[in-house]
Amino acid sequence: MTGLADHLIILPIILPLVTAAAMLLFDERQRRLKAALSLLTLAGILAASVALLSGAASEGGEAPQVYALGNWAAPFGIVLVADRLSALMLVLSSTLGAGALFFALARWDGAGPRFHALFLLLLMGVNGAVLTGDLFNLFVFVELMLAASYGLVLHGSGEERVRAGLHYIAINLGASMLFLIGVSLIYGTAGTLNMADLAGRIPALSDDVRPLFELGCAVLAMAFLIKASTWPLGFWLPRTYAAASAPVAAMLAIMSKVGVYALIRLSLLLFGPAAGASAGFGDDWLLAAGLTTIAFGTVGALGARELTRAVGFSIMISSGTVLAALGLGDDRALAGALFYMAGSTLAAGALYLLAEILARDDIEIVEDASEQVFADEYQDPFDQETREEAIAIPLTVAVLGGAFLACTLTLAGLPPLAGFIGKLAMFIGALSSEGGGPGFAGWTTVALLTLSSLGVLICLARFGVAELWVPAEEPSPKVRPVEFAALAGLIGAVLLLTLFGGTVMGYMDQTVAGLGRPGEYISAVLGAEIR
Amino acid sequence: MEFILAVGIGVLVASGVWLILRPRTFQVIIGLSLIAYAVNLFIFAMGRLRVGAPPALTSTEAIDAAQYTDPVPQALVLTAIVISFALTALFLVVLLAARGLTGTDHVDGREPPE
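Protein sequence lines, in the order shown, are assigned to chains A and B.
This note's numbering puts the first sequence at residues 1 to 531.
This note's numbering puts the second sequence at residues 1001 to 1114.
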């Protein structure tokens, strides 16, 4: 091991783990210290992710970076692999995490015990899941992420959260069982859990174990489809996310994308053209799942009666969009879908934060919330003394309205913001599929995407009118400076995506092109030198 | 032995699924535990069943992969047991909280209308 640069890959995992462990030493009264520690850690993760991203972007056609844990060579030891897709997910999760954390600092971090530790562990799970190159290790990181999210969904307590959390945990425990069954079937038939090694072995599988292997992959995919909340497995998402406290819900927006990430990674790595008899396995199903999810999400969003639920449905739409593009098998469409995913995840996170601000003057502030179950644990976030003076910023409503507009345009995929660039690229990809014009699948995708844009636009515009065009005698909601900073950061990230649309789109194209060459990934992992 | 194990896994999963479909929280948690046991047995079986074979080879003998039991599934099962056990414990805490808040053990937090 030479310089610090070699260890860059493991930083996004080890930093939050160490800080979260250290935080357990301090009790709840030292909140400022904890907040400072969290912010520092997040700054570190963000810096490491950006460094990895710029490294991946600048290398051009070069291979992914590989980090062998414990210095064990690839098929035997567990490796971390950072390619362009992983780097993209890392930057996305840490940006969203920064926004959510800033927002939480205003008061939500005091609404229950150990917010900061759980929050960092959630980030660690997400980062680990997108970096690992081993299927079972992926399971472990996903479970870490979920365990932290169980705690966070309950954060702030209250009957609705506990009930939604109960369903959420039960569903995810079931999904974890499917995950394990899939992984063990794959191990039993192919004899390895290293993704790169596995990809190399698929063409040579004998015909009597191949159906069993594909069955294992299908069961595994079910687990990821539940996480990505595709129809008909995603009914739990809008309700759970709506019940969670605002910063947590914003952070959860990235979790459904971890399922999408795993599907992209495994589908393109294992079932590319080089996979012999299994090439293209499951593509049609992914396309169908993606399209029905878009349709279901649109109908759900139109029928939603609360803003938070509508945002949950738009998260489903964005997952479905990526899956449909993946199933289409067109590079340009997938690149566009990744672009849309980045923009819409940030916008959905921002919209959850906005929804909480807008709902402030509407609700009777959690008075009868609940009896305490654990007497020492819960405090009401609205009860305690304010740590920071709430100031009435002039033109609050105008600024909030602007932010709402930006989120709406991004989620609906309308010009001039980031969502439009992604959707346009998807249209071009879907309609120019090789072999003489677009097929039925391409046209269906384009039609559904257009309809879902319209649906999301109608739905969000309706909420915008109801929440923001209120008569002037009602006081405008009070927003704290850190909350503004959080919102501004997330919206700013969306604007940056738009401004540098060409560069980012180029990066996405490179990402998809790299995913289309699994040989590079395999040789990078298996041929990684041990230092 | 394969037959016994297969029947055992099948019965555990069937009972687990039946319990999960009940509307009572405690039955759901027991159902999930049963399925977790079944899945652990399943992972174990994926390493092929061997009786009396050593888990690792000694250095004195010639190496023959057919001589020993695959140790990887056992390591996987160990991890899976720890994780599913911990998460079930967490689920139990949430269950108790829900019971305390809603005063009923129905999974929806209220009894369906008669």
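No residue lacks a Cβ here, since even glycine has one placed at the ideal position from N, Cα and C.
In the DSSP annotation of this structure, the continuous segment of the beta strand (DSSP E) that includes A68 (chain A) starts and ends at Q65 to A68. Its chain contains P1023 and T1025 as the residues whose beta carbon lies nearer than 6 Å to that of V1107 (chain B), once the 5 sequence neighbours on both sides are disregarded; these appear in chain order.
Taking all protein chains shown into account, R107 (chain A) has 16 or more neighbouring C-beta atoms within 10 Å of its C-beta and is therefore buried. Of all residues in the segment 1037-1055 of chain B, only V1039, F1042, I1043 and M1046 come within less than 7 Å of chain A when Cβ atoms are compared, listed by chain position.
Scanning chain B for C-beta atoms nearer than 9 Å to the C-beta of S432 (chain A) yields nothing, as the closest lies near 44 Å away.
Burial is judged here by how many other beta carbons sit within 10 angstroms of a residue's own beta carbon; F1003 (chain B) has fewer than 16 and is exposed. Per the C-alpha coordinates, the member of A:D207, A:L166, A:A147 and A:A466 positioned closest to G1109 (chain B) is A:L166.
At a C-beta separation below 9 Å, P1073 (chain B) has these neighbours in chain A: S184, Y187 and G188. By the neighbour-count criterion, in which a residue is buried when 16 or more other Cβ atoms sit within 10 angstroms of its Cβ, W231 (chain A) is buried. Looking at A:L24, A:L270, A:G200 and A:F179, the one whose alpha-carbon comes closest to that of I226 (chain A) is A:F179. By DSSP's assignment, L80 (chain A) forms a beta bridge with A:Y67 and A:T132. Among the residues facing chain B, V140 (chain A) is included, as its CB has a counterpart in that chain under 8 Å away. For I491 (chain A), the enclosing alpha helix (DSSP H) starts and ends at P481 to L499. Relative to S1084 (chain B), the option among B:T1102, B:M1046, B:A1045 and B:I1030 whose CA is nearest is B:I1030.
Under DSSP, the beta-bridge partners assigned to R1024 (chain B) are B:H1106.
Approximately 15 Å separates the beta-carbon atoms of Y261 (chain A) and L252 (chain A); this is outside 8 Å, ruling out the contact. At a cut-off of 8 Å between beta-carbon atoms, A1080 (chain B) makes contact with chain A. Residues of chain A with a Cβ closer than 7 Å to the Cβ of G1008 (chain B) do not exist; the shortest Cβ-Cβ separation is about 15 Å.
For L487 (chain A), none of the residues of chain B pass the 9 Å Cβ criterion, the least Cβ distance being about 31 Å.
In this model, I254 (chain A) and A1053 (chain B) are separated by some 46 Å (Cα to Cα). Interface criterion met: the Cβ of M177 (chain A) is under 8 Å from a Cβ in chain B.
For the 8 Å CB-CB criterion, G156 (chain A) and A117 (chain A) do not form a contact. When DSSP reads this structure, N194 (chain A) sits in a beta bridge with A:D134.
Among the CB atoms of chain A, one or more fall inside 8 Å of the CB of L1087 (chain B). Put simply, of A:A335, A:S452, A:V130 and A:V397 the residue whose alpha carbon is nearest the alpha carbon of S314 (chain A) is A:S452.
Using a CB distance cut-off of 8 Å, I1030 (chain B) does not count as an interface residue toward chain A. For V1093 (chain B), the closest of A:D197, A:A147 and A:G297 by C-alpha to C-alpha distance is A:A147. Residues L33 and K34 of the same chain have their beta carbon placed closer than 8 Å to that of F26 (chain A), with the five preceding and five following residues left out of the count.
Proximity to S319 (chain A) across A:S149, A:I294 and A:A304 peaks at A:I294, based on C-alpha coordinates. Here A337 (chain A) has T321, V322, A325, G422 and M426 as same chain residues with Cβ atoms under 7 Å from its own Cβ, once five neighbours each way along the sequence are excluded.
Residue environment for G514 (chain A): buried (at least 16 other C-beta atoms within 10 angstroms of its C-beta). Taking a beta-carbon distance threshold of 8 Å, I45 (chain A) does not count as an interface residue toward chain B. The segment 180-192 of chain A makes no contact with the segment 509-528 of chain A, as fewer than three CB pairs between them are under 8 Å.
Taking a beta-carbon distance threshold of 8 Å, I226 (chain A) does not count as an interface residue toward chain B.
Under the 8 Å Cβ criterion, the segment 343-363 of chain A counts as touching the segment 242-249 of chain A, having at least three qualifying pairs.
Taking each of A:V162, A:G343 and A:R239 in turn and checking the Cα distance to T408 (chain A), the smallest one comes out for A:G343.
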